[in-house]
Amino acid sequence: MISALAFFAFWPGLPHVIDWGAILVAIAVGSLARWACQAWMAKTARQRSDRS
96 MISALAFFAF
106 WPGLPHVIDW
116 GAILVAIAVG
126 SLARWACQAW
136 MAKTARQRSD
146 RS
């Protein structure tokens, strides 16, 4: 991820496209999606272990 940010940060013409707000929103949305997926997978695993 750091290398992708560094690439786009220094690519000519693109620094104005990526701002800190967009980066922070992307990190927040990704973190929320990861948390939701992990919670869903844990719930599914608990339900499967209860059936056995």
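According to our numbering, the sequence shown is numbered sequentially starting from 96.
We put the CB at the ideal spot given by N, CA and C, even for glycine.
- Spatial neighbours of Val124 within its chain, please: CB distance less than 7 Å, with the 5 preceding and 5 following residues excluded, ordered by chain position. Excluding sequence neighbours, Val124 sits near nothing in its chain.
* To do: Could you tell me the distance, in whole angstroms, from the CA atom of Cys132 to the CA atom of Leu119?
  => Pairing Cys132 with Leu119, the inter-Cα distance amounts to about 20 Å.
_Euclidean distance between Cα positions of Gln142 and Trp135_ = Trp135 has its alpha-carbon roughly 11 Å from the corresponding atom of Gln142.
* Asked: What is the DSSP secondary structure of Asp145, reduced to helix, strand or coil?
  -> In the three-state reduction of the DSSP assignment, Asp145 falls in the helix class.
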